[in-house]
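K.L.:
Could you have a look at this structure, given as structure tokens, before my questions?
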Amino acid sequence: MNIQEIFEKIYHAAEKCGYEIYVVGGYVRDQLLDKTGKDIDFVVVGDAMKFADQLKKDLHLRNLVRYPRFGTFMTKYYDYELEFVNARSESYSKNSRKPVTKQSDLHSDLSRRDFTINTLAMEIKPGSKETIIDIFNGQQDLKKGIIRTPLDPEQTFMDDPLRMMRAIRFATRFNFTIEDHTYQAISKNKDRLNVVSQERITDEFNKIMLAKRPSVGLELLDETGLLEIFLPEFVETKGVEQKEKYHHKDVFNHTLEVLDNIAKKSDSINL
Numbered sequence: 000m001n002i003q004e005i006f007e008k009i010y011h012a013a014e015k016c017g018y019e020i021y022v023v024g025g026y027v028r029d030q031l032l033d034k035t036g037k038d039i040d041f042v043v044v045g046d047a048m049k050f051a052d053q054l055k056k057d058l059h060l061r062n063l064v065r066y067p068r069f070g071t072f073m074t075k076y077y078d079y080e081l082e083f084v085n086a087r088s089e090s091y092s093k094n095s096r097k098p099v100t101k102q103s104d105l106h107s108d109l110s111r112r113d114f115t116i117n118t119l120a121m122e123i124k125p126g127s128k129e130t131i132i133d134i135f136n137g138q139q140d141l142k143k144g145i146i147r148t149p150l151d152p153e154q155t156f157m158d159d160p161l162r163m164m165r166a167i168r169f170a171t172r173f174n175f176t177i178e179d180h181t182y183q184a185i186s187k188n189k190d191r192l193n194v195v196s197q198e199r200i201t202d203e204f205n206k207i208m209l210a211k212r213p214s215v216g217l218e219l220l221d222e223t224g225l226l227e228i229f230l231p232e233f234v235e236t237k238g239v240e241q242k243e244k245y246h247h248k249d250v251f252n253h254t255l256e257v258l259d260n261i262a263k264k265s266d267s268i269n270l
């Protein structure tokens, strides 16, 4: 079954509930970059749990996983990983990156997302052209190669500090530039990373390491001060000279060179 047929089935299930539904985020972004993906996120303007019941019935799903507290459910359908979430707004406390959420409209949902290139939404109504909804000029930032927050970057990173790591990960992956205000806000709020679990930091760090040129991400992590927060041992290798015959860089820069050379040959995170 092709993706258009899947979209049509999902659209009709939402229609039966009286809900609007949109594809959002990474799938839309990657389509515009001529990349194909199997992970697709949807926003449901309505009750996602009620929609889950309808979709399960219409698609004869067995492996549907629900998270009612967050208004989210996930399923695998053919070769696609599908995730659905209520359109929602979020509010955060100072000492946590776990938001309090409430159902909202599409505009509010898109505005809560991390970067403009991830705020893009796509209509999937059968028989009509796939229309891109672009409230925050994400398509323009994609063309220019810019990582920028849709709202004030200070507030964005105060709310969810892990987004600072994500900014660097996307900049590294796509070879994009982090917009000045966004970049400055990362440096200013670097200490906020302390409220994020080591597990989530490690996950983002590993994704940076798996880029084509991991040195780009490592240098950005160092320049913004984030590296000092979670991997100070590596920062301490800066300026440590190597006297051997074939070593002309300090340990820090030599390590970056080795990382890039490995990345050319392998995508093994263990290596």
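Heads up: the sequence shown runs through residues 0 to 270, numbered per numbering that gives the first Met the number 0.
Virtual Cβ for every residue (Gly too), placed ideally from N, Cα, C.
By alpha-carbon positions, which one of I5, Y26, G25, D57 ends up nearest to C16?
P.N.:
Cα-wise, what sits closest to C16 is D57.
K.L.:
Give the range of the beta strand (DSSP E) segment to which A86 is assigned.
P.N.:
Where A86 is concerned, there is no enclosing beta strand (DSSP E), given that its DSSP letter is neither H nor E.
K.L.:
Identify whether Y146 lies in helix, strand or coil by the three-state DSSP scheme.
P.N.:
Here residue 146 turns out to be Ile, not Tyr, going by the sequence shown. It is a strand residue.
K.L.:
With DSSP as the reference, identify every bridge partner of D40, one or two as the case may be.
P.N.:
Looking at the DSSP assignment, D40 forms a beta bridge with V23, E82.
K.L.:
Compute the Euclidean distance between the alpha carbons of N260 and N252, then round it to the nearest angstrom.
P.N.:
In a straight line, the C-alpha of N260 is about 12 Å away from that of N252.
K.L.:
Taking the alpha-carbon positions, what's the K211 to T171 distance?
P.N.:
Roughly 8 Å separates the two Cα atoms.
K.L.:
Between the alpha carbons of R68 and I268, how many angstroms are there, rounded?
P.N.:
So the two alpha carbons sit approximately 33 Å from each other.
K.L.:
For the alpha helix (DSSP H) containing M163, list its first residue and its last residue.
P.N.:
From DSSP, the alpha helix (DSSP H) with M163 extends over 161 to 173.
K.L.:
Any idea if T115 is buried or exposed, counting beta-carbon neighbours within 10 angstroms, 16 or more meaning buried?
P.N.:
Buried.
K.L.:
Compute the distance between the beta-carbons of L63 and T71, then report whether it is under 9 Å.
P.N.:
No, these two residues do not count as a Cβ contact at 9 Å.
K.L.:
With a Cβ-Cβ cutoff of 9 Å, do D40 and V84 count as a contact?
P.N.:
Against a cut-off of 9 Å, the Cβ pair of V84 and D40 comes out as a contact.
K.L.:
State yes or no: is the C-beta of P125 within less than 9 Å of the C-beta of Y10?
P.N.:
Closer than 9 Å, so yes.
K.L.:
Check each candidate in Y77, Y182, Q197, Q3 and name the one with the smallest Cα separation from E222.
P.N.:
Selected option, being the one with the closest Cα: Y182.
K.L.:
Applying the 10 Å Cβ sphere with the 16-neighbour rule, what's the burial state of P149?
P.N.:
Looking at its Cβ environment, which holds 16 or more other Cβ atoms inside 10 Å, P149 is buried.
K.L.:
Give the secondary structure of K75 by DSSP, where H, G and I count as helix, E and B as strand, and everything else as coil.
P.N.:
Note: K75 maps to strand in three-state DSSP.
K.L.:
So R112 packs on G24, CB below 8 Å; how close in whole Å?
P.N.:
The Cβ separation is near 7 Å, so the contact holds.
K.L.:
Are A184 and P231 close, meaning C-beta to C-beta below 9 Å?
P.N.:
Cβ atoms of A184 and P231: not closer than 9 Å.
K.L.:
Whole-angstrom Cβ separation of L161 and E203, contact assumed at under 8 Å?
P.N.:
L161 to E203, Cβ: 7 Å. Contact.
K.L.:
S196 and E256: beta carbons closer than 9 Å?
P.N.:
Cβ atoms of S196 and E256: not closer than 9 Å.
K.L.:
Since M121 sits in a beta bridge, which residues does DSSP pair it with?
P.N.:
DSSP lists V22, I131 as partners of M121.
K.L.:
Consult DSSP for V195 and reduce its assignment to one of helix, strand or coil.
P.N.:
Coil.
K.L.:
Whole angstroms are fine: how far does the CA of R199 sit from the CA of L219?
P.N.:
The alpha-carbon atoms of L219 and R199 are separated by roughly 18 Å.
K.L.:
Under 9 Å, do I134 and H106 count as touching if we go by C-beta distance?
P.N.:
Taking 9 Å as the Cβ cut-off, I134 and H106 qualify as a contacting pair.
K.L.:
Can the beta-carbon of T189 be found closer than 9 Å to that of I228?
P.N.:
Per the sequence presented here, residue 189 reads as Lys, with Thr not at that position. Cβ atoms of K189 and I228: closer than 9 Å.
K.L.:
Determine the DSSP secondary structure at T176, reduced to helix, strand or coil.
P.N.:
Three-state result, T176: strand.
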